Amino acid sequence: MALEPITEMLQKAKKGHYAVPQFNVWNLEWIKTVLSTCEEIQTPLILGVSVNGSAYMGGYKNVVSMVKNLMESMEIAIPVAIHLDHATKVEDCFKAIDAGFTSVMIDASKEVFEINLEKTKKVVQYAHEKGASVESELGRVGGQEDFIVAESAYAIPEECAQMVKETGIDALAPALGSVHGIYHGEPKLGFKQMKEIAELTNAPLVLHGGSGIPDEELKKAIACGTCKINVNTDCLIAFGNLMRPYLIEHPNELDIRKIMNSGVPGIAKVIKDRCMVFGSIGKAKE
Ligand SMILES: [Zn+2]
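Residues in the sequence shown are numbered consecutively from 1262, following my numbering.
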């Protein structure tokens, strides 16, 4: 199956009451592991790549080439989207789309609503002309991700409705108490607002900061209209937890493949575990 935007996979998830996972990827091993594990469990997949993550991997074009070539050589047949995560600049969205990203997130949530709306409109117009999809954010997801630090702020339902209606975005990320990185204390998600926003907008909702939220709350979020859940920190923790002891226990190991792959089973385990909770296993061909 070719790469595709997130639009159809999220509409199917909305109808089927499950959530499509977004797993962020950081290097060759990460992409290989996410692709092979998601193929194994037959889940639709959104590969999240941040602006800085793309630069680290040699730029947008290189990311697209790596994913495309790996999908071919690994015979990946599940639906896959390459999604630019948290781009604050309109130009970055344009560049990623031109390079072959099938989806982008314009995150102008730090701007006043009118500017967020304008920036999102520009990106949607460009993206839809080229067959790519767009996610935008309202309110603010707290915590830190990829050097971006933010205070939490809840999305306002009326603004969400206006955003969806005027821009035609494919997915909406209303910040409702989730945070990037590690939670300090119990997360307090605004389920009442989530349900209200889902009903007002009729748009597939996205939950950022999906790591560290109890499974029951994730299921509740899906029941309240969440169709895409972003997971990054859980994979990073699992990878590091395996690689650190491996390096200590194998001080003379020189084979870079063995070193790089020592953390990989941790990523695969998180993927299987999360997709079970999200209900996306086996949904690739539906
Ligand atoms: Zn996020």
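Every residue gets a Cβ at the ideal spot worked out from N, C-alpha and C, and that includes glycine.
The structure displayed is predicted, hence computed values, not measured ones.
Can you tell me whether residue i sits near ligand 1, meaning its C-beta is under 8 Å from at least one heavy atom of the ligand?
i, result
"D1346", "yes"
"A1434", "yes"
"N1330", "no"
"V1310", "no"
"G1470", "yes"
"N1491", "yes"
"V1281", "no"
"V1402", "yes"
"H1389", "no"
"H1511", "no"
"H1445", "no"
"H1441", "yes"
Residue i and residue j: beta carbons closer than 9 Å?
i, j, result
"L1345", "S1315", "yes"
"T1304", "V1525", "no"
"T1462", "L1433", "yes"
"K1371", "R1401", "yes"
"V1365", "V1395", "yes"
"S1297", "I1267", "no"
"S1220", "D1353", "Absent from the structure is residue 1220, since the part of the chain shown begins at 1262 and ends at 1547."
"T1494", "G1527", "no"
"L1497", "A1436", "no"
"I1339", "I1532", "no"
"H1441", "G1404", "yes"
"K1309", "F1284", "Strictly speaking, residue 1309 in this sequence is Gly, with Lys absent from that position. Yes, Cβ-Cβ distance for G1309 and F1284 is below 9 Å."
"K1456", "G1486", "yes"
"V1312", "A1280", "no"
"K1490", "P1282", "The displayed chain sequence assigns Ile, not Lys, to residue 1490. Yes; because the gap between Cβ atoms is below 9 Å, this pair is in contact."
Exposed or buried, residue i, counting other C-beta atoms within 10 Å across all chains shown (16 or more means buried)?
i, result
"Q1454", "buried"
"N1288", "exposed"
"D1516", "exposed"
"S1472", "buried"
"K1519", "exposed"
"S1439", "buried"
"G1543", "exposed"
"L1260", "Residue numbering for the chain in the displayed model covers 1262 to 1547; residue 1260 lies beyond these limits and cannot be assessed."
"P1418", "buried"
"P1506", "exposed"
If we define contact as Cβ-Cβ less than 9 Å, is residue i a contact residue for chain B?
i, result
"I1483", "Any reference to chain B falls outside this structure, which holds one protein chain only."
Quick one: complete beta strand (DSSP E) runs, 3+ long, within the segment 1438-1513?
1466-1468 and 1487-1492
Of all the beta strand (DSSP E) runs that stay within the bounds of the segment 1357-1411, which reach a length of 3 or more residues?
1364-1367, 1394-1399, 1403-1406 and 1409-1411
Would you say the segment 1474-1482 touches the segment 1495-1502, given that touching needs at least three Cβ pairs under 8 Å?
no
Suppose only complete runs of 3+ residues qualify. What are the beta strand (DSSP E) ranges in the segment 1297-1326, listed by chain order?
1306-1311
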